[in-house]
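Trainee:
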Amino acid sequence: MRWRSPHLLQLLLWITLLICTAASSGFTICSYNVQRFTINKAKSYKVIHTLTRVLSRCDLALLQHVVDPDGKAIAALLKSLNRATDRYDDFSYKSVASKALGTSAEDMQKYVFIYRVETVNVTGQDQYKGKQKFVRPPFAIQVQSNKTAIKSFILVPLHSDPDQAAQEIDWLYDVFLEVSKKWNNKNVMFLGDFHAACAYVTRTTRKSIRLYKNSNFSWLIGDKVDTTVSEDTNCAYDRIVVHGEPFLKTIQPFSAGVFDVGKEFKLTKNKVLELSDHHPLKVVLKSSALFLRATPPWLLLSLSLVLRSLLFAL
Ligand SMILES: *[C@@H]1O[C@H](CO)[C@@H](O)[C@H](O)[C@H]1NC(C)=O
Ligand SMILES: *[C@@H]1O[C@H](CO)[C@@H](O)[C@H](O)[C@H]1NC(C)=O
Ligand SMILES: *[C@@H]1O[C@H](CO)[C@@H](O)[C@H](O)[C@H]1NC(C)=O
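Just so we're aligned: the sequence shown equals residues -23 to -1, 1 to 291 in mature numbering (1 follows the signal peptide of the UniProt record, and there is no 0).
1) What is the C-beta distance between Ala50 and Ala19, in whole angstroms, given that I count them as a contact (C-beta under 8 Å)?
2) At the level of alpha carbons, what is the spacing between Cys7 and Val219?
3) Using DSSP's beta-bridge definition, name the partner residues of Ala38.
4) Specify which residues have a beta carbon nearer than 7 Å to any heavy atom of ligand 2, listing them in chain order.
5) Near Lys163, which residues of its chain fall below 7 Å by C-beta distance, leaving aside the five closest residues on each side in sequence?
6) Is the distance from the Cβ of Leu225 to the Cβ of Ser192 below 9 Å?
7) Taking Cβ to Cβ, would you say residue 293 is nearer than 9 Å to Trp148?
8) Tell me whether Asn10 counts as near ligand 3, meaning its Cβ is closer than 8 Å to at least one heavy atom of that ligand.
9) I'd like the list of long-range same chain contacts for Phe268, defined as Cβ closer than 6 Å, with 5 residues on each side in sequence excluded.
10) State the start and end residues of the unbroken alpha helix (DSSP H) segment that holds Gly239.
11) Per DSSP, which residues does His255 bridge with? Please list them.
12) Could you tell me whether the Cβ atoms of Ser137 and Ala173 are closer together than 9 Å?
13) Just to confirm, are Ala38 and Pro257 a CB contact at a threshold of 9 Å?
14) Measure the CB-CB distance between Lys108 and Asp151 and report whether it falls below 9 Å.
15) Relative to the C-alpha of Val44, which candidate in Ala52, Arg60, Arg34 and Arg13 has its C-alpha closest?
16) Is Trp160 helix, strand or coil by DSSP?
17) Please tell me whether, using a cut-off of 8 Å, the distance from the CB of Ser192 to the nearest non-hydrogen atom of ligand 3 is below it.
18) Any heavy atom of ligand 3 closer than 8 Å to the CB of Gly101?
19) Under the rule that 16 or more other beta-carbon atoms within 10 Å means buried, what is Pro46, buried or exposed?
20) Identify, in the order they occur along the chain, each residue of the same chain with its Cβ nearer than 6 Å to the Cβ of residue 292, setting aside the five sequence neighbours on each side.
21) Residues in its own chain within less than 6 Å of Leu132 by CB, not counting five upstream and five downstream?
22) Give me the DSSP bridge partner(s) of Thr125.
23) So what's Asn193 in DSSP terms, helix, strand or just coil?
24) Answer yes or no: the CB of Lys226 versus the heavy atoms of ligand 3, is any distance below 8 Å?
25) Among the residues of its own chain, which have a CB less than 8 Å from the CB of Phe236, if the five just before and after it don't count?
26) Hey, could you find the ends of the alpha helix (DSSP H) Asp216 is sitting in?
27) For a test of the three-state rule: what should DSSP assign to Asn247, helix, strand or coil?
28) Taking Ile146 as the reference, which of Asp67, Val11 and Asp215 has the closest Cα?
29) Answer yes or no: do residue 300 and Ile91 have a C-beta to C-beta separation smaller than 9 Å?
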């Protein structure tokens, strides 16, 4: 059989490996409610270590509920991410943060984006100051990356106030109008702990939310997903929503979901709860590689199947 020629086999192996590597190297965006991330929490080696492992998997991550008035907690986290010795990757990380936001002095929180310098350009920032009275108004950033199929996009974070969650999610539509106009860019992703489920936002309430009603917005985390760590709660509080067909098309199908830290790193529930009572979310944007965009998924699949059968035939 000519197929069994070792050279041809080797060639096929390399091509498949190359394609698979490129295909898996999309651009990962994460969102994590780190439940009162303070300097004291950052002093725990275990917390910083695990958080570093999580964030090392993200090109760009949004942290919420960061209580860090002087920036020392985030500085400690960045130091760990950038430390040469126990690095999980070859990237260097930076952060961009909002001011401390809130309505009571005891509960001022920052939105913090942590990103890889090598794959992310932050090309703009905008603190929402419009008429809607968010407790923690979104701090949007515009991002560009030569690694993504999409040229430039906007991230709008929200850690909603539980008492007015439905209203705040609805107001994100007003934020959308503002930032898409400001940057002349309709590729907008909303992410964060919206409290968009269970007692805070019921199914009936959800129907009156503009971001939910308007079919131009796609909710990538479904209502049945459990974004909480505890066994006692089963709620899709944390969400990722994208605007528009062009943006939706550059998202890897089925890539949005929770990142189960416990399962992934073999940690007990109690250890995971030391970090947060929420799971991180992740979503992957398609890679910009030209040949990948030109390669239909069925071809990738058949290639890998052919390779598998060839390997078994050896
Ligand atoms: C993408 O940008 C990074 C950082 O600026 C640069 O090192 C890299 O060469 C760029 N890649 C391409 C394909 O332009
Ligand atoms: C960031 O922008 C610079 C200047 O436009 C560009 O050279 C570089 O490739 C960009 N980096 C990435 C990661 O896209
Ligand atoms: C959805 O987007 C299209 C294209 O931008 C626009 O024409 C249409 O009015 C939008 N629909 C709604 C309900 O906003």
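Glycine is no exception: its CB is placed at the ideal position from the N, C-alpha and C atoms.
Mentor: Let's see:
1) Confirmed, about 4 Å.
2) Spanning the alpha carbons of Cys7 and Val219 requires a straight line of approximately 14 Å.
3) Bridge partners of Ala38: Cys7 and Ile91.
4) For ligand 2, the selected residues are Glu95, Thr96, Val97, Asn98, Gln121, Ser122, Asn123 and Lys124.
5) Ser157, His220 and Gly221.
6) Contact: no.
7) The question about residue 293 has no answer, for the chain in this structure spans -23 to 291.
8) False, no ligand heavy atom lies under 8 Å from that Cβ.
9) Low confidence applies to Phe268: its pLDDT is 44, below 50, so where it sits in the model is not reliable, and the reading given next is rough at best. Result list for Phe268: empty, nothing under 6 Å.
10) Taken as a continuous stretch (DSSP letters only), the alpha helix (DSSP H) holding Gly239 covers Val238 to Phe242.
11) Residue pairing of His255 in beta bridges, as defined by DSSP: Thr205.
12) Result yes, Cβ atoms of Ser137 and Ala173 sit closer than 9 Å.
13) Yes, they are a contact pair.
14) Contact annotation: Lys108 and Asp151 have beta-carbon atoms nearer than 9 Å.
15) Per the C-alpha coordinates, the member of Ala52, Arg60, Arg34 and Arg13 positioned closest to Val44 is Arg13.
16) Under the three-state reduction of DSSP, Trp160 is assigned to coil, being neither helix nor strand.
17) Short note on Ser192: C-beta closer than 8 Å to some heavy atom of ligand 3.
18) Outside the cutoff, so no.
19) Around the C-beta of Pro46, fewer than 16 other C-beta atoms lie within 10 Å, and the residue is accordingly described as exposed.
20) With the chain covering only -23 through 291, there is no way to say anything about residue 292.
21) Only Ile118 and Met166 meet the Cβ criterion.
22) According to DSSP, which records beta bridges pairwise, Thr125 is partnered with Ser264.
23) Assignment of Asn193 by DSSP, reduced to helix, strand and coil, places it in the coil class.
24) Remark: the C-beta of Lys226 is outside contact range of ligand 3, defined as less than 8 Å to any heavy atom.
25) So the qualifying residues of the chain are Cys7, Val31, Arg34, His256, Pro257, Leu258 and Lys259.
26) The residue asked about is misnamed: residue 216 is Arg in this sequence, not Asp. In this chain, Arg216 is not harboured by any alpha helix (DSSP H); it is covered by the beta strand (DSSP E) spanning Asp215 to His220.
27) In the structure shown, Asn247 falls within a helical segment according to DSSP collapsed to helix, strand and coil.
28) Per the Cα distances, Asp215.
29) Missing from the structure shown is residue 300; the chain here goes from -23 to 291 and no further.
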